[in-house]
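Read the structure below first, then the notes.
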Amino acid sequence: MPRASLRPLTIRECFGVSTQMARLTGGIKTGESGTDGDAMELIEIAGYALVVFATLFSLRLFYVWWTRIRPLRPKLDLVWEADCEHLTTATVEGNDIIFHKVRDFHWRTTRDRDESWADEVAVRLDELKDVWFMVDHFHAIKGMAHTYLTFEFDCGTCLSFSFETRREKGERYHPWDGLWRAYELYLLVGFERDVTGLRTHARKNKDYMFRAITPPGKDRDLLLGMIQKLNQLSVSPEWYHSLLTTCNTSIVQIVNKVTPGRIPFLWRNFLPGHTPRAALKLKLIEDWGGYESTLQKARIDEFAQEWDGVEDYSMMLRNRLPKGPHRTEN
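The structure is reproduced here in structure tokens:
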């Protein structure tokens, strides 16, 4: 059989009424395909128009990025919202750590709050007791959640480290804006009663608290890694990005810096609401009887909302969570 008769079928031949004739004779002319051929011509024209539009749109987007967005630089000296007004820094001398400007808000609602910043909070590195991985579901879509870490010390101090957006006065967060250098990256350090209390009480979100598992000594290295990032952001601001530099990806970056390869590249890293399953599988959090049981036991918002305000908030949370193994010296 001649080579011409074995060539691949075109789109017109696939959809025209003379497909069988085209297969046997090597094709048909446009005029012989009738109304089906005319329809295919319209489809091809529409396809070309779509390609041209997509190309022009991409060029325009690139132009806007290159001329307006790429030149933008993150700043430190703007007028910020009250909840991200100060940048926390820390000094480390041996085991002694002093944090400067730690947030200590008391939230009744998201708008009704008492604002306070602790000038100095002192802890000891060798008294680090536990690291907690927090997952805050703020949206009905399961994958949309906020993650952060809480460091618990023997003295009872519990400090939460939360990568967030630093917003200017009157500015509100939107994921779309976060793709285009609209917000600086902010590492909030606040007391647990503030950072977690905001979510369990003022926002009434669905919240989970998992005890993290770290290799011997790496819990302290993780804290020091967070402190290094704190001090770095206080002099060299960075951009937040809704996909690449988020609450969760920033944690992953520091964990992998402390323990290379500890968290592999996973799609769940970009959808924080799905991280508990991966964290359990990778032994990043304690297993409290399988995935479903661990989730059930880790949920804190329901009983936290019954808190009487008399008992210490952090102690109240831990009294309802599974007890961890006795900590050995690293």
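Per my numbering, residue -6 is the first one in the sequence shown, and the count goes up by one each step.
Backbone N, C-alpha and C define an ideal beta-carbon position, used for all residues, glycine too.
The model shown is predicted, which means the values in this text are computed figures rather than measured ones.
Item: Can you list, in chain order, the residues of its chain with a C-beta nearer than 6 Å to that of arginine 16? Leave out the 5 residues immediately preceding and following it.; Value: With a pLDDT of only 40 at arginine 16, under the threshold of 50, the placement of this residue in the model should not be trusted; the figure read from the coordinates follows. No residues qualify anywhere along the chain.
Item: Can aspartate 187 and aspartate 97 be called in contact, C-beta distance under 7 Å?; Value: yes
Item: Can you name the start and end residues of the alpha helix (DSSP H) that threonine 268 belongs to?; Value: 268 to 274
Item: Of the residues Val245, Leu191, Lys290, Asp294, which one's Cα is nearest the Cα of leucine 275?; Value: Val245
Item: For leucine 314 versus threonine 238, is the C-beta spacing smaller than 7 Å?; Value: no
Item: With distances taken between CB atoms, is the gap from phenylalanine 146 to glutamate 120 smaller than 7 Å?; Value: yes
Item: Along the chain, which unbroken stretches of the alpha helix (DSSP H) at least 4 residues long are found entirely within the segment 132 to 209?; Value: 185 to 190
Item: Taking Cβ positions, are tryptophan 125 and threonine 143 nearer each other than 7 Å?; Value: yes
Item: With C-beta atoms as the reference, is serine 235 less than 7 Å away from glycine 171?; Value: yes
Item: Count the other C-beta atoms from every protein chain shown that fall within 10 angstroms of the C-beta of proline 208, then say buried if there are 16 or more, exposed otherwise.; Value: exposed
Item: What is the residue span of the alpha helix (DSSP H) that glutamate 295 lies within?; Value: 294 to 297
Item: Would you mind stating whether tyrosine 201 and alanine 271 have Cβ atoms separated by less than 7 Å?; Value: no
Item: Shortest alpha-carbon distance to cysteine 148 belongs to which of Gly163, Lys122, Arg261, Thr82?; Value: Lys122
Item: Just how far apart, CA to CA, sit threonine 48 and tryptophan 260?; Value: 29 Å
Item: Starting from glutamate 50, follow its DSSP beta bridges and name the residues at the other end.; Value: Per the sequence presented here, residue 50 reads as phenylalanine, with glutamate not at that position. None; phenylalanine 50 has no bridge partner.
Item: Apart from the five residues just before and just after arginine 204, which ones in its own chain have a Cβ nearer than 7 Å to its Cβ?; Value: Asp123, Trp125, Ile278, Glu279, Gly317
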